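Under the working numbering, think of the first position of the sequence shown as -14, with each following residue one higher.
C-beta: ideal position from N, C-alpha, C; glycine also.
In this text the structure is predicted, and so the values were computed from the model without any measurement.
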Amino acid sequence: MRPSNKVYCFIAAFSLLLSGCATTAQNNSSEHSQSNQRMTASAIYSVGKEAMNIGDHQAAIRHFNTLITQYPVDKFALQGQLELAYAYHKIGQSSSTIATTERFINNHPQHKNSDYAYYL
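Encoded structure:
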């Protein structure tokens, strides 16, 4: 095999390897969202809280958003809104923190934890 053919073979093999990695990441993401769809509100909330406890705020944000979207009137979704605001605060996304807390305060002005939303 000539040297130029070896280079082409290497590039082709490397491209296949990279495309395989991209497919795996996409599959993992869809599996993650499908597993969240089968979970109860309390389970999604617990996973989000655990992500917060270990400092994975991005994962917590994904879980709390899923919780709020799938179970908008559940008591866990209500607390999840406050947790979501705190997660945004922890990663420095002030505009998202403010939007989330304002939405909570506007929708639940008499809630026992509305003072926490004002605090954030």
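Legend entry - Neighbourhood of residue -3 by C-beta, 6 Å cutoff - its chain only, sequence neighbours within 5 removed: Low local confidence applies: a pLDDT of 46 at residue -3 is under 50, so the model's placement there is unreliable, and no value is given.
Legend entry - Per-residue DSSP class, three states only, for residue 33: helix
Inset, instruction - Determine the contact status of residue 63 and residue 85, defining contact as a CB-CB distance below 7 Å. - result: no
Inset, instruction - Pull up the CB-CB distance for residue 26 and residue 46, whole angstroms please, since I reckon it's below 8 Å. - result: At roughly 17 Å, the Cβ-Cβ gap does not stay under 8 Å, so residue 26 and residue 46 are not in contact.
Inset, instruction - Could you say which of 77, 94, 96 lies nearest to residue 42 if we only look at CA atoms? - result: 77
Legend entry - Close beta carbons around residue 74, own chain, < 7 Å, minus the five adjacent residues each side: 82, 105
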